[in-house]
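Heads up: the sequence shown begins at 1 in the working numbering, then just goes up one per residue.
Below is one structure, written out as structure tokens, with a few remarks after it.
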Amino acid sequence: MTTEQTIDAFLAGLRQTSPLEGLSVALGLAYALLAVWRSRWCWVAGGVSSAILIYLALQARLPMQAALQVYYVVVSVYGFQRWTREEKITALAVTNWPLRSHVLGCLATVLLSALTARWLASSTQAAWPFLDSLTTWGSLLATWLTARVKLENWLYWLAIDSTLAFLFGAQGLYFVAALSIVYLAFSAVGFMQWLKIYRTPAPAS
């Protein structure tokens, strides 16, 4: 496909976007931006975006994607409550996750992805069963780390968004691939912003 055809396909995708889908995308971008600045309202934007996507996924007969969005809504409630509670006690502190926890989390993600990929390969016509599974389970872990205000969540999102951009682009979903690249940029900015906060000494009481 030529560059001109790629641009035409991207513009066609934009024209076909429904107002409801557009609202979900806009709220998803707002979530990413607000999360960079550690605003608890990111969880409201993300939760509403995911709630809309539940409806859209069910309409498109994608039950697994709908189930994933239900998880995001639940974590959004948890994230908003946790960030609100932390803000009342002190400034929302950025912390890190122990190396052992990363190893266990990554091993569990890969194992679950392998099991899911095997099922997808045998029961569906999934184009990229392992990468599709890996990004799904990885997203669950990264979202939980975001809610816990762990610095490394952005590193997970960098890997996940890079993979998603490739997957969607390879399948001709250029609009969604472009959104993944936008999220990739947000993840890079988010990591640098949170790293700066993490390295800033806490004020003496």
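C-beta atoms are modelled at their ideal positions from N, C-alpha and C, and glycine is treated no differently.
Of all alpha-carbon atoms in L141, E21, Y156, T95, the one lying nearest the alpha-carbon of P201 is that of T95.
Beta-bridge pairing by DSSP links T95 to K150. DSSP places T163 in the helix class (H, G or I) of the three-state scheme. A distance of 8 Å or more separates the beta carbons of S180 and W154.
In this structure the segment 37-51 touches the segment 63-80; the number of beta carbon pairs closer than 8 Å is three or more.
I197 and L120 have their alpha carbons spaced roughly 41 Å apart. Under the 10 Å beta carbon count, G105 is surrounded by 16 or more other beta carbons and is classified as buried. Under the DSSP assignment, W43 falls in the alpha helix (DSSP H) whose first and last residues are 42-59.
Between T143 and V75, the C-beta spacing is below 8 Å. Selection S122, W157, L167 evaluated against V36 yields W157 as nearest (Cα-Cα).
Secondary structure of G79 (DSSP, three-state): helix. Contact check for L92 against V149 passes: the beta carbons are separated by less than 8 Å. In terms of CA proximity to I54, V73 leads the group V73, H102, S139. Put simply, of P98, A108, L99, T124 the residue whose alpha carbon is nearest the alpha carbon of L140 is A108.
Here G172 carries a coil assignment [DSSP, helix/strand/coil].
By the Cβ neighbour-count rule, L164 is buried, with 16 or more other Cβ atoms within 10 Å of its own.
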